[in-house]
Amino acid sequence: DQQVKQNSPSLSVQEGRISILNCDYTNSMFDYFLWYKKYPAEGPTFLISISSIKDKNEDGRFTVFLNKSAKHLSLHIVPSQPGDSAVYFCAASVGGNTPLVFGKGTRLSVIA
Amino acid sequence: SAVISQKPSRDICQRGTSLTIQCQVDSQVTMMFWYRQQPGQSLTLIATANQGSEATYESGFVIDKFPISRPNLTFSTLTVSNMSPEDSSIYLCSVFSTTINYGYTFGSGTRLTVV
Chain Z
-8 DQQVKQNSPS LSVQEGRISI LNCDYTNSMF DYFLWYKKYP AEGPTFLISI SSIKDKNEDG
52 RFTVFLNKSA KHLSLHIVPS QPGDSAVYFC AASVGGNTPL VFGKGTRLSV IA
Chain V
7 SAVISQKPSR DICQRGTSLT IQCQVDSQVT MMFWYRQQPG QSLTLIATAN QGSEATYESG
67 FVIDKFPISR PNLTFSTLTV SNMSPEDSSI YLCSVFSTTI NYGYTFGSGT RLTVV
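Below, the structure is given as structure tokens:
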């Protein structure tokens, strides 16, 4: 039973436009959410996180929105760049020092 | 922030053999986590390794197949035993540390191919 779901396996966006990656979760005990970017031969690279006490966190071109009532979060990338092409994983935890639970990932392709 | 050195980065192994993966952290951490990413799949937790105690394994993973050592607060190993082609995956270690502003960091991964 998947506790973290990324229902879009792939997304294609034109350079300069907005990329929106979505994530849903089922465990109401999750209180910390993270987005990671991953290239094939590397470990996940942290992008941005959000605590359950917030509904938005912004870092440069990356913004994460959290809707706790809907158990939904999204990652917005504006403007999208070709270097953003990678697999993006949504992850959640129930607190510090507990393991992350990952979604299946969304492969983003940014077309020049 | 904590930096993890993971070795080997990749290996090709014969079925029936074993491979030990090492993770060295540059600071002391309580918990280390081991994940597996099968081709095209998500990162799945194998086990949580606490220093000085037996690792805690997730459903579907057993100690005989994936023995873990955690001899101190900066080091851990995961062994993939009696390998079969189904074990071909990327294996990753991860730590949680309060010195990392987002809490979690990952090793660079070990890409294992079993032939």
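One line per chain: the protein sequences are Z and V, in this order. Numbering follows my numbering, in which position 105 of the first sequence is assigned residue number 96; successive positions increment by one, without gaps. Numbering follows my numbering, in which position 8 of the second sequence is assigned residue number 14; successive positions increment by one, without gaps. Backbone N, C-alpha and C define an ideal beta-carbon position, used for all residues, glycine too.
- Between the region 99 to 113 of chain V and the region 37 to 55 of chain V, the count of Cβ pairs shorter than 8 Å is three or higher; the stretches touch.
- Secondary structure at P77(V): strand, using DSSP grouped into helix, strand and coil.
- DSSP, read as helix, strand or coil, puts E92(V) in helix.
- Within chain V, the residues placing a beta-carbon under 9 Å from that of A32(Z) are S15, R16, I96, S114, G115 and R117, ordered along the chain.
- Bounds of any beta strand (DSSP E) do not take in T105(V), whose DSSP letter is neither H nor E.
- Cβ proximity to chain V below 7 Å picks out F37 and S40 from the region 36 to 53 of chain Z.
- Segment contact: the region 8 to 27 of chain Z against the region 40 to 51 of chain Z, three or more CB-CB distances shorter than 8 Å; contact assigned.
- Going by beta carbons, H67(Z) and S19(Z) fall outside the 9 Å limit.
- Among the CB atoms of chain V, none fall inside 9 Å of the CB of F56(Z).
- Here K29(Z) is buried: its Cβ has 16 or more other Cβ atoms, across all protein chains shown, within 10 Å.
- Residue state for D(-8)(Z) is assigned as coil, using DSSP reduced to three classes.
- The DSSP assignment places 10 to 16, 23 to 29 and 36 to 42 as complete runs of the beta strand (DSSP E) inside the region 5 to 42 of chain Z, in order along the chain (cut-off: 3 residues).
- If you look at N88(Z), you'll find it isn't in any beta strand (DSSP E); DSSP assigns it neither H nor E.
- Using a Cβ-Cβ cut-off of 9 Å, F80(Z) is close to S48 and L49 of chain V, given in chain order.
- A buried status is given to I10(V), since no fewer than 16 other beta-carbon atoms sit within 10 Å of its beta-carbon.
- Chain V places no beta carbon closer than 9 Å to that of V85(Z), leaving this residue out of the contacts.
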